[in-house]
Amino acid sequence: MALAKQYEFNWQMVVPQALQDGCMFDKWDEETAEIEFNCTFKVDEYGFFLYYKPENKETVVLEMSYVSDIRTGLVPKHFAELICVNVQYRHIVAPDPDTCKLWAETLRKLSHNLKANHICPQTMLIKHWKRLVIGTNEKGKIPVRSITRTFASGKTEKTIFQCLSDIKLPCGKNDEIEPADFTFDKFYELYHKVCPRKDIQSLFHKINDGKNYLDAPQLVRFLNEEQRDPRLNEILFPHYTEARVLQLINQYETDPTMRNRKWLSADGFCRYLMSDENAPVFLDRLDVHQDLDQPLCHYFINSSHNTYLSGRQFGGKSSVEMYRQTLLAGCRCIELDCWDGKNEDEPIITHGKAMCTDIYFKDAILAIRDTAFVVSDLPVILSFENHCSKPQQYKMAKYCEEFLGDFLLKAPLDGYPLTPGTPLPPPRLLLRKILIKNKRLKPEVEKRGLELMKAGQEAAILRDLDESQDPSTLVDGEELAIERSDENSPIERRNGPSERGSISSRGSKGSGKRHSPSDAIRALQKKGSASSLTSRTSIPAVAGVVPGPDQFNPPPGPAHDDAHPEAPLSLGPHTSSNGLPTVSSSPVLSALGHNKPASPLLTSLSIPGRAQGINGDVPLPHATIITDHGAIDIDDLLESDKPKSGKSKGTLSQDEEAALLSNYEYTGATTNIHPYLSSLINYAQPVKFQGFDVSADRNLSFSMSSFNESAGVNLLRTGAIEFVNYNKRQMSRIYPKGGRVDSSNFLPQIFWNAGCQMVALNFQTPDLGMQLNSGKFEYNGNCGYLLKPDFMRRPDRTFDPFSESSVDGVIAAYCSVQVISGQFLSDKKVGTYVEVDMYGLPTDTIRKEYRTQTVPANGLNPVYSDDKFEFRKIILPELAMLRFCVYDEYGKVLGQRVLPLDGLQAGYRHISIRTEANFPLSLPTLFCHIVLKTYVPDGLADLVSALFEPNKNPRPMKGPSGDPLDNDKDSMDQPSKNRFNAGETTKKTDGPHLIAQADQTAQLPGTRLSEKPREENPIEPITVDELKKDKGFVKLLKKQAEEADILKRRQTKERQSMQRIHSMVSDRVVIPPEKAGEKTKKKSAGDGGSIRLDDHQLAKVRQLVAEQTKEWTQLVGQHLKEEHDLLKSHCAQQCESLKKLLEVAQVAQTKNVEAKHARENRDLKSNQAKQSMEANRAVQNDKKIKNKAEKERRCREISSNNTKRFIEERKRLANKQSRELELLKKLQVDQVEDLAKENEKALQIQDLAYEEARLALRDETVV
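Right under this line is the structure:
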């Protein structure tokens, strides 16, 4: 791997020397019934090939990566039943049991060596060279024509002959080469002559600064800058150092002179790029590296649908071999569609009422037992689709119990009871355990049935269960169901024909002729070779036969559905298709005449053939999911590639399929379960789906539901987040809808995105959906379990699989792929091109958009354009997968490869191509440049670069708007402008404005509140001065002034009048009228004009003065009181007027603020619309973006980002406006309250002034 610390990729298993030296076996050809004696079988030292050389014949070479199973002891049944699954068999007889055991165990390990499928191109060349060396002719030499066939990729034979001549090897058409002369160095030299790597030479010259070598510093720079993912942790994945680079030079440089100078030549550079050190994925991911201590529902589980079928769903063939092949492929959940067998009381497995052939249930269980834990020790789930009567259900349970033995999990584990709130057990606690998924009876019903069974009352069990056909009274979890969602759900009927329906019209027989395994033996006897085989062969017996429920002699149960109403069959005891025979049906033993085991038989090497075509898909009904970010077409998310041309393979015509589908009727699985079978069910109890809320309330992790793809899409459409939460707590299973009669597959990614654990696919169809499944599950040791991402497991996290925004805690990724060249893509001289697709969340999925140009007439070493395929923003890299698919110019698939983005390595990498069935191809590779980094939004690239390498960016950093980010100094130097006037006071006014006159420092709330600090866009205060300028208030002041003037004039008149009266009275008292003249005379003649009064007059005057003083004082007091009352009345009127004016002003002020807010909202929306249009216009006019789909994706991304940003801007503006209104309301309330206080204060001041004036009033008079 391209890491600074060395990783040892131990893909090679130790091959015992005995296998390398070879051993003599007898080979039996089942098809021709011929035996070849004394064939020497060998295995090469790498474990790549098993090969043998018949006498006077060419060597036969079998590639171990294509061998799926090694079986001992038994002969598979008739070959005619095996060809339906495209499996080839080799039967060999060992000389003794020890040899048989050694070879069987070693070959089984080699055939399941997952790491050998991930070897680097350099090791692939060794493998190919080894095949040529061991594939000799009858003379033990390598024919030149074999080499020309190897390099047949459009090159003429003459070209290859010339290349052989250049390396000094025989080059004639009929020449032969000694294996010892054809060394790997010669082969490697020939490879580069036939397929020159000009692409690597170009890269080499690009990075070596014009020299013919790379020195250590250049190589360090290249490895750290190009070959390393910058997102990696520098402690766990340190950068390359010169010391580490020198190790690479010593390892890959073949020239001693260059090694001594610490240089790497072009040849060494090429060897490095083709080595395990430069693998496209982290090779440690091939081991079981994930946590296995999480609940079962926290894993994706490799699952199969209609496992027993080898082809189509209508008129297809069932095969026990499919269970073997599926389990050996790493599948951990398989389906058994169980029906009552005809006339034999034996349960069978078939696709009911669809004219498919049958297999015996017990044969399937035996096959499961033998292969369940060959590839992985993690638990296997048997998904029963149970249509059987109770007697045959009992047989099913007994077969499972006795054949599976300790593998079968019969009861819940300690610590994980079947109670609400208890999580499912982890896979680690279920190692080598098999779980049954089947409906379970209610606990009380099951307990009663088991008690009756223990008492030997089987008939009572059947009668007791038959009394109620209401599922809610029998089966647990069936009450209150609002819709069915198991394999036979009515949801499916709304979306298309059910896959488990019945056919009302009777058709022709769907099962072919069945053969006994003894037919092959009789054929051997006819050839006269049975005695030779017998002398070295024996077949051990299978464990005893399970007693059926016949011993209970039960009455027949209620009528059950017939698996084949269209063609009643009569199955004999030996008509099971290619299953393993039992003691009761072992004609092999009687034919051979053996009663006890002798030496074992290494019977078969099961080799699946290479799939060459993809079945056509049946289109789904058009459906769309509406999300917050727009419409997502389900056809794009769910459908695999459509066939480009040609007719899909099958036994039925399109008219026949249409007729079958039109007459297909729904048939549900039985809910009348035998208590013995029910007792074997624990952690996988299917129930009718009652809704997400009901499931959450019940909180039963062991309950699960199954949905066909259409029902699953409906759930995603209506409650994607709830579906994810459901899958955090319990399991769900998704399977193809019944309309896929050709056994095609949907794309599983959409349901993985929702956390669905068991997305069941048709393993017999290697289409796009199956390729994604194989590419996903071949990692983590191909154990069949993949841990879901953290946020899809934690209950405190919310995840929307249709979201286009980043997931909390997950950093979006950027990926670009440049397909530089291809090598040995086709053995014909045809044009080729490559498509690169991304699968993940809907927003991450990009299909059918990126493809290279077609390079004409070159399948050998095409060099493609320099175009980079950019996946700019990958929201969830952990769920994303990258798919490379190579096509010829006619659209035929030449090879494909699926790589998980989580674990993909950056840099220049060779990607080995697989077949459509995901088998490795030796020579075909793609040379690509992969760039991986953290996603950076447009406009922030300079900022991110500056953060990573600040020394390289002396210029000030700029944000997305282009403004410098360092503006703190400016903001500190410039004080904020306060638009509110601080310390504003009310001016003193002349005239009758009594409030201001009473207290010049008393101010209204508007004036006082203007001193408070305000935010931007302040609210202008309402001042008293502004209120006093109102016409109504000015008019009131004038009116009050007139009233005060009138009062003043009246009081003046009253005082003058009293003064005159007092003067007249005084004169009369002092000088009476009759003496006025005399006194006047005396006065004038006497003391200078003064009047002398006698004592009587003085007393009288004093009395008069006292009276006048009292009257005058009373008048002055009265006037003072009148003036006070008038002023107080005026003050109250002014206060009331100001209060009304303030209310009117506040209403107007509120309207002005609301109008300002409306303008701000209108301007903001207008600016946002302008920004959005300008951004979209910029993308459309960007000449660098040539792909229309990429422009649309950019526009959607901009729209999504703008939507989030615009919403935030509107929220901020709304919050600001809300704060303004709240502040305004508070200010206005405070103003009203303060005005009321000021009014009261003004009145109090008037009263106080009056009281002071009254107390200061003295007795006085005016004479």
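Sequential numbering of the sequence shown, starting at 1, is according to UniProt numbering.
Virtual Cβ for every residue (Gly too), placed ideally from N, Cα, C.
How about Leu246: is its C-beta nearer than 8 Å to some C-beta of chain B? Although the question refers to chain B, the structure presented lacks it and comprises just one protein chain.
Does DSSP put Ile70 in a helix, a strand or coil? Looking up residue 70 in the sequence shown gives position 70. Strand.
Output needed for Asn1176: all residues of its chain with C-beta closer than 7 Å, excluding positions within five of it in sequence on either side, in chain order. As a position in the sequence shown, residue 1176 is number 1176, starting the count at 1. These residues qualify, in order along the chain: Cys1195, Ile1198.
Can you tell me whether Val374 is helix, strand or coil according to DSSP? Counted from its first residue, the sequence shown places residue 374 at position 374. Note: Val374 maps to coil in three-state DSSP.
Relative to the C-alpha of Lys828, which candidate in Leu860, Cys338, Gly809, Val807 has its C-alpha closest? For the purposes of this step, residue 828 is identified with residue 828 of the sequence shown, where counting begins at 1. Checked all of Leu860, Cys338, Gly809, Val807; the closest Cα to Lys828 is Leu860.
Limits of the beta strand (DSSP E) - the one that Ala1169 falls within: Against the sequence shown, residue 1169 aligns to sequence position 1169. Segment 1095-1180 is the alpha helix (DSSP H) holding Ala1169; no beta strand (DSSP E) there.
For Gly510, which of helix, strand or coil comes out of DSSP? Sequence index remark: in the sequence shown, residue 510 carries index 510 (1-based). Residue placement at Gly510 is flagged as unreliable, the pLDDT there being 37, under the threshold of 50; the coordinate-derived value follows with that caveat. DSSP places Gly510 in coil when its eight states are reduced to three.
Range covered by the beta strand (DSSP E) that runs through Met24: Numbered from 1 along the sequence shown, position 24 holds the residue referred to as residue 24. Residues 23-29.
Neighbour-count burial assignment, Leu1255, 16 or more Cβ in a 10 Å radius: Within the sequence shown, residue 1255 is the residue found at index 1255, counting from 1. Exposed, since its Cβ has fewer than 16 Cβ neighbours within 10 Å.
Does the segment 388-402 come close enough to the segment 345-364 to have 3 or more Cβ pairs within less than 8 Å? yes
Using three-state DSSP, classify Leu761 as helix, strand or coil. Here the question's residue 761 lines up with position 761 in the sequence shown. In this structure, Leu761 counts as strand in the three-state DSSP scheme.
Buried or exposed by the 16-neighbour rule on C-beta atoms within 10 Å, applied to Asn278: Position 278 of the sequence shown, counting from 1, holds the residue named residue 278. Buried is the call here.
May I have a chain-ordered list of the alpha helix (DSSP H) segments no shorter than 4 residues that lie completely inside the segment 201-254? 216-225, 242-252
Reference Pro95, options His1119, Asp26, Phe824, closest by Cα: As a first step, residue 95 must be located in the sequence shown, where it is residue number 95. Of the candidates His1119, Asp26, Phe824, the one whose C-alpha sits nearest the C-alpha of Pro95 is Asp26.
Would you decide whether Gly738 is buried or exposed? Buried here means 16 or more other CB atoms lie within 10 Å of its CB. Your numbering for residue 738 matches position 738 in the sequence shown. That one is buried.
Helix, strand or coil: how does DSSP classify Pro1005 here? As a first step, residue 1005 must be located in the sequence shown, where it is residue number 1005. Because Pro1005 carries a pLDDT of 37, less than 50, the predicted location of this residue cannot be relied on, and the following value inherits that uncertainty. Looking at Pro1005 - three-state DSSP - the assignment turns out to be helix.
Beta strand (DSSP E) segment containing Gln386, residue limits: For this step, residue 386 is matched to residue 386 along the sequence shown. Checking the sequence, you will find Asn at residue 386 rather than Gln. Element bounds for Asn386: 380-386.
Does DSSP put Cys100 in a helix, in a strand, or in coil? In the sequence shown, residue 100 corresponds to position 100, counting from 1. Note: Cys100 maps to helix in three-state DSSP.
Through-space distance from Asp1030 to Leu1235, alpha-carbon basis: Numbered from its first residue, the sequence shown carries residue 1235 at position 1235. Numbered from its first residue, the sequence shown carries residue 1030 at position 1030. Cα to Cα, the separation comes out at about 17 Å.
Identity of the residue in Lys127, Tyr188, Ala18 nearest Ser105 by Cα: Translated into positions along the sequence shown, residue 105 becomes position 105. The residue you asked about is not Ser; residue 105 is Glu in the sequence shown. The residue with the shortest Cα to Cα distance from Glu105 is Ala18.
Can you name, in chain order, every residue of its own chain whose Cβ lies under 8 Å from the Cβ of Val15, other than the five neighbours on each side? Looking up residue 15 in the sequence shown gives position 15. Val43, Asp44, Glu45, Tyr46, Gly47, Thr106, Leu110, listed in sequence order.
Supposed contact pair Met704 and Ser732 - C-beta distance, whole angstroms, cut 8 Å: Here residue 732 refers to the residue found at position 732 of the sequence shown. Here residue 704 refers to the residue found at position 704 of the sequence shown. Their Cβ separation, rounded to whole angstroms, is 6 Å, which keeps Ser732 and Met704 in contact under 8 Å.
Alpha carbons only, please: which of Glu8, Lys390, Leu879 is nearest the one belonging to Leu441? Looking up residue 441 in the sequence shown gives position 441. Considering only alpha carbons, the answer is Lys390.
Please name the residue, chosen from Lys892, Cys928, Phe919, that lies closest to Leu904 on a Cα-to-Cα basis. As a first step, residue 904 must be located in the sequence shown, where it is residue number 904. Nearest of Lys892, Cys928, Phe919 to Leu904, Cα basis: Cys928.
Taking only three categories from DSSP, how would you classify Asp1247? Reading the sequence shown from its first residue, position 1247 is the one you call residue 1247. In this structure, Asp1247 counts as helix in the three-state DSSP scheme.
What does a CB cutoff of less than 6 Å around residue 1283 pick up in its chain, not counting 5 residues either side in sequence? Limits of the chain in this structure are 1 at one end and 1263 at the other, which puts residue 1283 out of reach.
Where does His239 land, buried or exposed, given buried means 16+ other C-beta within 10 angstroms? Here residue 239 refers to the residue found at position 239 of the sequence shown. It counts as exposed.
Relative to the C-alpha of Gly421, which residue among Arg231, Asp209, Arg698 is closest? Against the sequence shown, residue 421 aligns to sequence position 421. That would be Arg698, whose Cα lies nearest to the Cα of Gly421.
What does the alpha-carbon distance come out to for the pair Asn10 and Lys115? Here the question's residue 10 lines up with position 10 in the sequence shown. Here the question's residue 115 lines up with position 115 in the sequence shown. Cα-Cα distance, rounded: 8 Å.
Relative to the C-alpha of His564, which candidate in Leu715, Ile119, Asn714, Lys342 has its C-alpha closest? Within the sequence shown, numbered from 1, the residue matching residue 564 stands at position 564. Closest option to His564, Cα to Cα, is Lys342.
Option nearest Tyr779 by Cα separation, candidates Leu190, Ala216, Asp287, Leu125: Along the sequence shown, read from residue 1 onward, the residue named residue 779 stands at position 779. Measuring from the Cα of Tyr779, the nearest candidate turns out to be Asp287.
Which residues does DSSP pair with Ile434 in a beta bridge? Taking the first residue of the sequence shown as 1, we reach residue 434 at position 434. DSSP, once it has assigned bridges, lists Val380, Leu408 as partnering Ile434.
Quick one: is Ala364 buried, meaning 16 or more other Cβ sit within 10 Å of its Cβ, or exposed? Indexing the sequence shown from 1 puts residue 364 at position 364. So Ala364 ends up on the buried side.
Closest Cα partner of Arg909 within the set Lys186, Ser275, Phe871: Position 909 of the sequence shown, counted from the first residue, corresponds to residue 909. Here the closest residue by C-alpha is Ser275.
Buried or exposed for Gln818, going by 16 or more other Cβ atoms inside 10 Å? Translated into the one-based positions of the sequence shown, residue 818 becomes position 818. Result: buried.
Quick one: which unbroken beta strand (DSSP E) runs of 3-plus residues sit fully inside the segment 116-186? Chain order, please. none
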